[in-house]
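Engineer: Numbering (the working numbering), first residue to last: 2 to 181. By construction, the Cβ of each residue, glycine as well, lies at the ideal position given by its N, Cα and C atoms. Note that the structure is predicted; figures quoted are calculated from it, not measured. Shown below is the structure under consideration.
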Amino acid sequence: GMVDTFLLIALARAGDQLQGIKRGILEMADVITVNKADGDNEGEARVTARELSIAMKLITSDPKAPRPPVLTSSALTGKGLDEVWQAIVDHRAALEASGQLEARRARQQRDWLWALVQGELEDGLRTSPRVSAIRARLEGQVEDGELSALEASDAILAAFAADVPSLWRDRHPDDSGFAG
């Protein structure tokens, strides 16, 4: 992920909806707050927070592993927001102290690198004249069973590879470093 602290904001009265919250989302959370903990909803927010806290205990495989704090808050009144902010600050401090923040930053940079590469490749495939010229025909042949997806993929990649030097020059006219 590209975040330092994942704050999960749940709603009061979510008890029945707790089943619908994906386990993966709960596992990603570093801090959890049940919002709308004000007025008539305050008691329901505390119940929802307890349910989420129990759920976190159940999905944590290592009983010694730290679990995210489960708090209640109200964006309307501001109640509990200082505690939510403090939990975020504490989480960041723990990441910094353990060296995990630096490791996350390095992973984020690596992930960003490959997201950029993937985006450029997808853009290049979409704008490649040779790919555009054969795409519909190859898709039709695959749909009709005349050509396997692997064969069509190879043909598309070969067409794209032939266009790469000109695509590079179009996108980087001042860069003569591409040997193509």
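1) I need the straight-line Cα distance from LEU96 to ASP5, nearest angstrom please.
2) Given a cut-off of 9 Å, decide if VAL85 and LEU8 are closer than it, judged by their beta-carbon atoms.
3) Please go through the same chain and pick out, in chain order, the residues whose beta-carbon is closer than 8 Å to the beta-carbon of ASN42, but skip the five residues on each side of it.
4) Express the C-alpha separation of ALA104 and ARG170 in angstroms, rounding to a whole number.
5) With distance defined between alpha-carbon atoms, name the residue in LEU77, LEU168, MET3 and GLY100 nearest to MET29.
6) Using the DSSP secondary-structure output, state which residues sit across from VAL71 in a beta bridge.
7) Which word fits GLY81, buried or exposed, when buried means at least 16 other C-beta atoms lie within 10 angstroms of its C-beta?
8) Going by other Cβ atoms of all chains shown within 10 Å of its Cβ, with 16 needed for buried, is THR128 buried or exposed?
9) Going by DSSP, name the residue or residues bridged to ALA11.
10) Just the C-alpha distance for TRP113 and ARG68, rounded to the nearest angstrom, thanks.
Structural biologist: Taking the geometry as given:
1) Locating residue 96 in the sequence shown gives position 95, counting from the first residue. Locating residue 5 in the sequence shown gives position 4, counting from the first residue. Straight-line Cα distance between these residues: approximately 8 Å.
2) Along the sequence shown, one-based indexing puts residue 8 at 7. Along the sequence shown, one-based indexing puts residue 85 at 84. Contact check for LEU8 against VAL85 passes: the beta carbons are separated by less than 9 Å.
3) Residue numbering aside, residue 42 sits at position 41 when the sequence shown is read from its first letter. So the list reads ALA13 and ARG14, once near-sequence residues are dropped.
4) As a first step, residue 170 must be located in the sequence shown, where it is residue number 169. As a first step, residue 104 must be located in the sequence shown, where it is residue number 103. A straight line joining the alpha-carbon of ARG170 with that of ALA104 spans about 36 Å.
5) Here residue 29 refers to the residue found at position 28 when the sequence shown is read from its first residue. The candidate whose alpha carbon is nearest that of MET29 is MET3.
6) One-based indexing of the sequence shown puts residue 71 at position 70. Paired residues: ILE33.
7) To locate residue 81, count along the sequence shown from 1; it is residue 80. With 16 or more Cβ atoms within 10 Å of its Cβ, GLY81 is classed as buried.
8) Walking along the sequence shown from the start, residue 128 turns up at place 127. Counting Cβ neighbours within 10 Å, THR128 comes out exposed, since fewer than 16 surround it.
9) As a first step, residue 11 must be located in the sequence shown, where it is residue number 10. Beta-bridge pairing links ALA11 to VAL35.
10) Residue 113 sits at position 112 when you count from the first residue of the sequence shown. Residue 68 sits at position 67 when you count from the first residue of the sequence shown. Cα to Cα, the separation comes out at about 28 Å.
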